[in-house]
Every structure is written in C-alpha cells, then in structure tokens.
Amino acid sequence: MTKKQRYDFVLDYFEATAPSAETELFYDNPFQLLVAVILSAQCTDKRVNLTTP
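Pasting the structure below:
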C-alpha cells in the first residue's frame with residue numbers, strides 16, 4: 191500500500207466514523223470565537239456564553 195493509498199484509507203475511515211466537531215460556544219465572527227476559546231480555557235462554556243455577546 192502506497193503512502194497515498196494509506197492516507198486516503200485513514201481519511202475515509204475517520205470521515206465515516208468520527209462525528210463532525212461542533213462547538214458549544216456562541217459567536218458571530220472569528221474574533222469572537224477566538225476570545226471565547228481563550229476564555230473557555232479558564233471556565234465553562236456556559237459561563238463564556240453568558241459573558242460574550
């Protein structure tokens with residue numbers, strides 16, 4: 191099996207078995223997401239959603 195075939199096999203496997211990752215954080219633009227992610231390292235996502243617009 192070539193590296194390309196192995197790569198395609200692994201990629202297909204994870205696309206079929208792993209669910210799509212979604213965030214519980216609320217945001218309207220990339221900057222708000224960045225701030226929310228930084229804050230979520232210090233407290234819960236629920237608290238971050240209360241403090242961000």
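Here the sequence shown stands for residues 191 to 243, numbered as in my numbering.
Ideal Cβ placement from N, Cα and C applies to all residues, glycine included.
inquiry  = If I measure Cβ to Cβ from Asp-218 and keep anything under 8 Å in the same chain, skipping five residues before and after, which residues do I get?
reply    = So the qualifying residues of the chain are Pro-243.
Item to complete: Could you tell me if Ala-211 is buried or exposed, where buried requires 16 or more neighbouring beta carbons within 10 angstroms of its beta carbon?
Response: With fewer than 16 neighbouring CB atoms inside 10 Å of its own CB, Ala-211 falls in the exposed class.
- Cβ-based burial, Val-238 [other Cβ within 10 Å; buried from 16]: By the neighbour-count rule (16 or more Cβ atoms within 10 Å), Val-238 is buried.
request  = Give the C-beta separation of Leu-224 and Leu-215 to the nearest angstrom, bearing in mind that I take them to be a contact with Cβ-Cβ under 8 Å.
outcome  = Taking C-beta atoms under 8 Å as the contact rule, Leu-224 and Leu-215 fail to qualify, at a distance of about 10 Å.
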